[in-house]
């Protein structure tokens, strides 16, 4: 030990974030499960009742979930992040207590500079994401082409029983300025 070494209590503060790493791109839970996303930021085409409202569509929500009022191709669940985020993943669950879940869905999104929703596509075709095959397992889907979005809409296209969802989105805060790729 050198004479200038000091002994005494040492403090260390760390913050840990749940992350799914995909080729080095940050992928943090964006706030559905933790309720950082407020109830007012989650909307839907319809809901079965106030008990099954859109804001209950939170991953691992034990007693609640979103259930649409009807099960048809016009239903959707929408999350407004209030600011543009880089989004590169989504996780879904069905109903905890009954055999109801979404088997397949697609994503639509928009950023703060665009008024219309865009389909998430690959090779100019809307991507159909594999959803759940049971009521409680978590299914994670990576977005191989991350999107910059303020609003994300989940559109169920196949379901078991009724349209029922619990979700989380993954990504990062976006600090840059938005560029849509045009010259």
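In full-length UniProt numbering, the protein residues as written are 1 to 183.
The C-beta atom is built at its ideal place from N, Cα and C for all residues, glycine as well.
Nothing here was measured: the structure is a model prediction, and the numbers come from that model.
Beta-carbon proximity list for residue 119, same chain, < 7 Å, skipping 5 on both sides:
Position 119 of the chain shown, counting from 1, holds the residue named residue 119. If we look at residue 119 and ignore the five residues flanking it on each side, its Cβ neighbours are 106, 108 and 126.
Which class does residue 158 belong to by DSSP, given the choice of helix, strand or coil?
Start at 1 with the first residue of the chain shown, and residue 158 comes out as number 158. Secondary structure of residue 158 (DSSP, three-state): strand.
Nearest neighbour of residue 154, chosen from 86, 33, 66 and 96 [CA to CA]
Here residue 154 is taken as the residue at index 154 of the chain shown, counted from 1. Nearest to residue 154 by alpha-carbon distance, out of 86, 33, 66 and 96, is 66.
I need the straight-line Cα distance from residue 159 to residue 83, nearest angstrom please.
As a working note, residue 159 is residue 159 in the chain shown. As a working note, residue 83 is residue 83 in the chain shown. Going from the Cα of residue 159 to the Cα of residue 83 covers about 31 Å.
Residue nearest to residue 31 in terms of C-alpha spacing, selected from 169, 68, 73 and 148
What you label residue 31 is simply residue 31 of the chain shown in a count that begins at 1. Measuring from the Cα of residue 31, the nearest candidate turns out to be 169.
When we look at the beta-carbon of residue 51 and count the other beta-carbons within 10 Å, is it buried (16 or more) or exposed?
For the purposes of this step, residue 51 is taken as the residue at position 51 of the chain shown. With fewer than 16 other Cβ atoms from the protein chains shown falling within 10 Å of its own Cβ, residue 51 counts as exposed.
Can you name, in chain order, every residue of its own chain whose Cβ lies under 7 Å from the Cβ of residue 43, other than the five neighbours on each side?
As a first step, residue 43 is located in the chain shown; it is residue number 43 there, counting from the start. Result list for residue 43: 54 and 78, in chain order.
Three-state secondary structure assigned by DSSP to residue 39
The count along the chain shown starts at 1 and reaches residue 39 at position 39. Reduced to three states, the DSSP call for residue 39 is helix.
Once the 5 residues before and after residue 61 are set aside, which same chain residues still bring their CB inside 7 Å of it?
In the chain shown, the residue the question calls residue 61 occupies position 61. Taken in chain order, the residues that qualify are 166.
Please work out which residues of its chain come closer than 6 Å, Cβ to Cβ, to residue 81, disregarding the five sequence neighbours upstream and downstream, and give them in chain order.
The residue you call residue 81 lines up with position 81 of the chain shown. 150, listed in sequence order.
Helix, strand or coil: how does DSSP classify residue 88 here?
To locate residue 88, count along the chain shown from 1; it is residue 88. Strand.
Measuring only the C-alpha atoms, how far is residue 57 from residue 163?
Against the chain shown, residue 57 aligns to sequence position 57. Against the chain shown, residue 163 aligns to sequence position 163. Going from the Cα of residue 57 to the Cα of residue 163 covers about 11 Å.
Classify residue 141 as helix, strand or coil using the three-state DSSP reduction.
By 1-based counting over the chain shown, the position of residue 141 is 141. In the three-state reduction of the DSSP assignment, residue 141 falls in the strand class.
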